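Everything on this sheet refers to the single structure shown next.
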Amino acid sequence: MASVTYENVTKSFGAVEVIKGVDLNIQDGELVVFVGPSGCGKSTLLRMIAGLETATSGTLKIGDRKVNDVPPKERDIAMVFQNYALYPHMTVAENISFGLKLRGMSKTERREAAQKAATVLGIENLLDRKPKELSGGQRQRVAMGRAIVRDPAVFLMDEPLSNLDAKLRTQMRVEIRKMQHRLGTTTIYVTHDQVEAMTLADRIAVLEGGYVRQFGTPDELYHNPANKFVAGFLGSPAINFLPANLQGATLELPGGEKVKLASERLPGARDGEQVEVAVRPENIHIQRDSATLPEGWASWQAEVSLVEALGSENLAYTRMGEHEVTAKITDNTSIREGDTCTFAFELSRAHLFHSSDGTLLSSGAKA
Ligand SMILES: Nc1ncnc2c1ncn2[C@@H]1O[C@H](COP(=O)(O)OP(=O)(O)O)[C@@H](O)[C@H]1O
Ligand SMILES: [Mg+2]
Numbered sequence: 109m110a111s112v113t114y115e116n117v118t119k120s121f122g123a124v125e126v127i128k129g130v131d132l133n134i135q136d137g138e139l140v141v142f143v144g145p146s147g148c149g150k151s152t153l154l155r156m157i158a159g160l161e162t163a164t165s166g167t168l169k170i171g172d173r174k175v176n177d178v179p180p181k182e183r184d185i186a187m188v189f190q191n192y193a194l195y196p197h198m199t200v201a202e203n204i205s206f207g208l209k210l211r212g213m214s215k216t217e218r219r220e221a222a223q224k225a226a227t228v229l230g231i232e233n234l235l236d237r238k239p240k241e242l243s244g245g246q247r248q249r250v251a252m253g254r255a256i257v258r259d260p261a262v263f264l265m266d267e268p269l270s271n272l273d274a275k276l277r278t279q280m281r282v283e284i285r286k287m288q289h290r291l292g293t294t295t296i297y298v299t300h301d302q303v304e305a306m307t308l309a310d311r312i313a314v315l316e317g318g319y320v321r322q323f324g325t326p327d328e329l330y331h332n333p334a335n336k337f338v339a340g341f342l343g344s345p346a347i348n349f350l351p352a353n354l355q356g357a358t359l360e361l362p363g364g365e366k367v368k369l370a371s372e373r374l375p376g377a378r379d380g381e382q383v384e385v386a387v388r389p390e391n392i393h394i395q396r397d398s399a400t401l402p403e404g405w406a407s408w409q410a411e412v413s414l415v416e417a418l419g420s421e422n423l424a425y426t427r428m429g430e431h432e433v434t435a436k437i438t439d440n441t442s443i444r445e446g447d448t449c450t451f452a453f454e455l456s457r458a459h460l461f462h463s464s465d466g467t468l469l470s471s472g473a474k475a
C-alpha cells in the first residue's frame with residue numbers, strides 16, 4: 109500500500125495543455141474519486157500515475173518514490189478499465205491468475221490466489237466457468253479479481269462500471285466500496301457520474317478543464333463548495349442558482365424580492381455587484397400557513413409548474429422571477445401542478461458566489 113502524490117503536474121498533447129498544474133496528496137489506503145465532465149482530464153491524470161502517459165512537468169510519486177520515469181510494470185499498480193478483455197478460452201480462475209503465471213507462480217499457488225480474490229468478490233462458485241457463461245456484472249468482477257490477485261500498492265480504475273446497466277452499476281458500486289474497505293488498498297477511481305463519486309469516495313477531486321476545482325470529502329464538497337462549478341456539479345436535482353444584485357447588505361432577488369443579509373456574509377463584496385445565490389432543492393420549503401416567516405428567510409409566491417412524485421419525496425418545479433427553481437419537498441403535504449404556493453428558504457443556508465468568476469463570497473450553513 110502507498111500514498112499517491114501529484115506535485116504541480118501538467119500534461120500537454122502537442123501545443124494543448126490538458127492538465128494545468130495539479131497538486132493532490134492521496135493518502136495510503138484512501139479511496140479517491142476523480143470526477144468531472146467528459147474531457148476535463150480525469151483519465152489523463154490517472155494514466156500518468158499508471159505510466160501510460162508521461163507528465164510534461166511536475167512530480168508524480170507512489171509512496172516516497174518519484175515514478176515519473178519508472179516503467180508501468182515496475183510501479184506496483186493494477187488498473188481496471190471500462191473495457192475489460194477476458195480470455196474466452198480460459199476459465200474464471202485462469203483469467204484471474206493469468207498475470208501470476210507470468211510472474212512464475214506455481215499452479216497451486218495461482219489457484220489459491222484466484223480463490224481468495226474470487227471470495228472477496230463473491231464469485232468463488234464460478235471459478236471453473238468460461239467468460240461466455242457469465243453475466244456482465246460477473247465478468248466485471250473477474251476483471252476486478254485480476255487486479256486484486258496482483259496485490260498492488262494502488263488500484264487505478266477508469267470508469268469500470270460504465271458498460272453495466274443502472275441497477276448493476278449501483279450494486280457493483282457497493283461491492284467495490286466493500287472490497288476496498290476489506291483490502292485497504294489505495295484506490296483512484298475515475299467517473300463522470302457524481303452520484304458514483306459521492307457514494308464511493310473517501311475524498312473527491314472535482315476536475316474542470318484540467319484544473320482540480322476542489323478536493324475534499326463528499327460531505328465537505330456538498331455542504332461547502334469552494335466555487336460555483338463544484339456547487340453546480342454535485343447534487344441531484346442540481347442546486348438552484350439565483351442571480352441577484354447586491355446593494356449594501358440587501359440582495360435583490362429575481363422577481364424583485366429584497367432581503368437583508370448579515371454583514372458577516374459579505375466580506376469583500378462590492379456594492380452593486382452581481383452575485384449568485386445558490387440554494388439546494390431540499391432547502392426550499394413550501395410555506396403552508398400565511399404566518400409571517402421568521403427573520404432571515406426569503407420567500408415568494410409562485411405557481412407550481414410541474415410535480416415529480418418520487419415516492420419518498422416530491423420535486424416541485426417553479427419559478428422565481430424568470431428563473432427556474434426546483435424544490436424538494438419531503439414532508440407529505442400534497443402539492444399539485446397549478447397550485448400557487450409560498451416558497452421560502454433560509455438565507456443562512458444559501459451559498460453566495462461572485463457572478464464574475466464563480467468564486468465563493470460566503471458559504472451557507474450546513475442543513
Ligand atoms: N492522446 C491524446 N492526444 C491528444 N489529446 C488527447 C489525448 N488524450 C486525451 N486528449 C485530450 O485531453 C483532454 C482530456 O482527456 P481525458 O483525460 O481523456 O478526459 P476525461 O477522461 O476527463 O474525459 C481532452 O480534451 C482530450 O481530447
Ligand atoms: Mg476518461
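The opening residue of the sequence shown carries number 109 in the numbering used here; numbering runs sequentially from there.
Quick reminder that beta carbons are idealized off the backbone N, C-alpha and C, glycines included.
These numbers were taken from a predicted model, which means no experiment stands behind them.
Endpoints, the beta strand (DSSP E) within which residue i is located
i	result
Phe142	Leu139 to Val143
Val367	Lys366 to Lys368
Met187	Ile185 to Val188
Leu455	Counting along the chain, Leu455 falls outside any beta strand (DSSP E), and DSSP gives it neither H nor E.
Asp131	Val124 to Ile134
Leu468	Leu468 to Ser470
Ser165	Ser165 to Ile170
Val112	Val112 to Phe121
Leu350	Asn348 to Gln355
Glu360	Thr358 to Glu360
Nearest candidate by alpha-carbon position, reference residue i, set the options
i	options	result
Thr113	Leu160, Phe263, Leu369 and Ile170	Ile170
Asp136	Leu291, Ala334 and Thr441	Leu291
Gln302	Ile284, Thr293, Val338 and Gly166	Val338
Asp497	Glu328, His300 and Glu316	Because the chain in this structure spans residues 109 to 475, residue 497 falls outside the shown range and cannot be described.
Arg427	Phe453, Glu267, Gly363 and His462	Gly363
Tyr330	Ile134, His459, Pro196 and Asp184	His459
Gly129	Asn335, Pro145 and Gly149	Gly149
Gln50	Gly340, Asn332, Val141 and Gly166	The requested residue 50 does not occur in the structure, where the chain is confined to residues 109 to 475.
Ala473	Leu455, Phe461, Gly466 and Thr467	Leu455
Gln477	Leu369, Thr293, Phe189 and Gly212	Since the displayed the chain opens at 109 and closes at 475, residue 477 lies outside it and no answer follows.
Glu115	Ala158, Ala123, Ser165 and Lys215	Ser165
Leu132	Ser243, Tyr319 and Asn191	Tyr319
Glu403	Lys209, Leu369 and Val415	Leu369
Arg155	Asp172, Ser146, Ile185 and Ala346	Ile185
Gly380	Leu361, Gln395 and Arg396	Leu361
Ser151	Thr307, Ile437 and Pro268	Pro268
Phe206	Ala255, Met109, Ile392 and Ala435	Ala255
Glu316	Asp439, Ser120 and Val126	Val126
Ala158	Met187, Thr167, Leu359 and Leu139	Met187
Thr307	Val298, Thr295 and Val282	Val282
Glu421	Ser442, Glu161, Val433 and Leu401	Ser442
Lys366	Arg378, Trp408 and Arg218	Trp408
Alpha-carbon to alpha-carbon, residue j and residue i
i	j	result
Ser464	Ala406	23 Å
Ile204	Lys238	12 Å
Lys174	Ala163	12 Å
Arg183	Pro389	45 Å
Gly253	Ala334	37 Å
Ala313	Ala417	32 Å
Glu232	Glu241	14 Å
Gly466	Val387	15 Å
Glu372	Gly356	12 Å
Gly419	Pro260	43 Å
Leu469	Phe461	5 Å
Val385	Pro326	21 Å
Glu430	Ala410	11 Å
Gly144	Ala346	15 Å
Ser413	Thr293	49 Å
Ala305	Ser471	22 Å
Ala110	Ile134	9 Å
Phe451	Ile394	5 Å
Glu202	Asp236	8 Å
Val383	Gly230	51 Å
Asn391	Glu138	31 Å
Thr490	Val298	This structure cannot speak to residue 490, because the chain is shown only from 109 to 475.
First and last residue of the uninterrupted alpha helix (DSSP H) at residue i
i	result
Ser151	Lys150 to Ala158
Ala339	Lys336 to Phe341
Could you give the uninterrupted runs of the alpha helix (DSSP H) lying entirely in the region 210 to 287, keeping only those of 4 residues or more? 215 to 229 and 244 to 257
What ranges does the alpha helix (DSSP H) occupy inside the region 373 to 442, keeping only unbroken runs of at least 4 residues that lie completely in it? none
Could you give the uninterrupted runs of the beta strand (DSSP E) lying entirely in the region 293 to 331, keeping only those of 3 residues or more? 294 to 299, 311 to 316 and 319 to 324
Examine the Cβ distances between the region 349 to 358 and the region 412 to 425 and report whether three or more of them are shorter than 8 Å. no
Would you call the region 211 to 226 and the region 177 to 189 in contact, with 3 or more CB pairs under 8 Å? no
Relative to ligand 4, what is the chain-ordered list of residues with a Cβ closer than 7 Å to any of its non-hydrogen atoms? As for ligand 4, it is missing from this structure, which binds only ligand 1 and ligand 2.
Determine, using beta-carbon pairs with one atom in the region 189 to 204 and one in the region 273 to 288, whether at least three such pairs fall under 8 Å. no
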